[in-house]
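Enquirer:
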Amino acid sequence: GAEVVMFVTREKGEHVNMYHTLTDWYMAWMTLRIIQVDPSLVQVVLLDAHPSGPLDPFWNQVISRGAPMRRAGEIGGKILAKRAVWSPPGYSNILLGKNWDDCQKPMRMMEAFVAAVDDAYEGEHSHDI
Numbered sequence: 032g033a034e035v036v037m038f039v040t041r042e043k044g045e046h047v048n049m050y051h052t053l054t055d056w057y058m059a060w061m062t063l064r065i066i067q068v069d070p071s072l073v074q075v076v077l078l079d080a081h082p083s084g085p086l087d088p089f090w091n092q093v094i095s096r097g098a099p100m101r102r103a104g105e106i107g108g109k110i111l112a113k114r115a116v117w118s119p120p121g122y123s124n125i126l127l128g129k130n131w132d133d134c135q136k137p138m139r140m141m142e143a144f145v146a147a148v149d150d151a152y153e154g155e156h157s158h159d160i
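Using the numbering used here, the letters of the sequence shown map in sequence onto residues 32 to 160.
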């Protein structure tokens, strides 16, 4: 298993909404960055009861690289983890703060997130971030 288990909650029905799913991904990625944990050590466990959706593969590609993402409802018993981490809800995301309309400079953290996604999908980007 993975060294770190990250628990993620998502709002009802928004697991198929691209914008709200992006905020969940960003919060999970930012949490790992803040606590200095590489995604290759992480397994994501989704705590909601949402069915599989078309955006789910992203979790394994970018965030849950230590072991495949799982749903809590599919786990038959207890989860034993060396280290457990909770991702803040997507609704606590800076993108929902409504204070970035006047921002004249790039959001460096968002640029770093985009670079991490590009790396996970082996895309090209500026490595200056």
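Cβ coordinates follow ideal geometry from the N, Cα and C atoms, glycine included.
How about the region 80-89 and the region 108-118: do they share at least three Cβ pairs that are nearer than 8 Å?
Expert: Not touching, per the Cβ criterion.
Enquirer: For a minimum of 3 consecutive residues, which ranges assigned as the beta strand (DSSP E) are wholly contained in the region 42-66?
Expert: The qualifying runs do not exist here; there are none.
Enquirer: Ile94: buried (16+ other C-beta within 10 angstroms of its C-beta) or exposed?
Expert: Label assigned to Ile94: buried.
Enquirer: Within a Cβ cutoff of 6 Å, which residues of the same chain sit near Arg41, ignoring the five residues on either side of it in sequence?
Expert: Only Asp55 and Asp79 meet the Cβ criterion.
Enquirer: Considering only C-alpha positions, which residue in the set Pro119, Arg114, Pro70 and Met61 is nearest to Met97?
Expert: A quick correction: the sequence has Gly, not Met, at residue 97. Nearest of Pro119, Arg114, Pro70 and Met61 to Gly97, Cα basis: Pro70.
Enquirer: Around the C-beta of Met37, are 16 or more other C-beta atoms found within 10 angstroms, so that it is buried, or is it exposed?
Expert: Met37 is buried by the Cβ-count criterion.
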